[in-house]
Amino acid sequence: MTDSERPIRQLAEILSRRGQTIYGRQTIVELCARSGVSLLNIHDVGDIDSDESLQNFLVQYSKLSPAAKLTILILSKQHGVILPEELLGKKKGLRDRLESLQEYLPWSP
């Protein structure tokens, strides 16, 4: 599996493109730099982004807005990405709500 085929990488790329449109390119560039990932059209340069740095990107992206967090939760189900505990939070309620989405969505985890 190539780096661009990894589900977590695909999710991060979607969020990167979406985030540039909604929050602005500079915000996403700074978020990528803080997270240690290279998502912005730089596929051939440097090392492959680690799962840890991509998960860090997801956590940082989720802090942009409540809608950003909900987007991550939904897209992670579609792409089969296991989210870090830090993103899910310590409250069981969020996890229960995420699992209850399965009843209404056309995909299965």
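For the sequence shown, counting from 1, position 39 maps to 43 in the numbering used here; every step adds exactly one.
Don't be surprised by glycine CBs; every beta carbon is placed ideally from N, CA and C.
For residue i, the three-state DSSP class (helix, strand or coil)
i	result
Gly23	helix
Asp55	helix
Leu68	coil
Ile18	helix
With 16 other Cβ atoms within 10 Å as the buried cut-off, status of residue i
i	result
Lys67	exposed
Arg13	buried
Alpha carbon of residue i to alpha carbon of residue j, nearest angstrom
i	j	result
Ser69	Ser54	25 angstroms
Glu90	Gln59	10 angstroms
Gly84	Tyr65	18 angstroms
Glu17	Ile32	11 angstroms
Pro88	Val63	8 angstroms
Gln30	Arg38	12 angstroms
Gly40	Lys81	24 angstroms
Glu9	Gly28	26 angstroms
Thr25	Glu34	15 angstroms
Residue of the options minimising C-alpha distance to residue i
i	options	result
Thr75	Pro11, Gly23 and Arg13	Gly23
Arg21	Ala72, Leu92 and Gln82	Ala72
Cys36	Ile18, Ser57 and Ile52	Ser57
Cutoff 7 angstroms: residue i Cβ touching any chain E Cβ
i	result
Tyr65	Reference to chain E is not applicable here, since this structure consists of a single protein chain.
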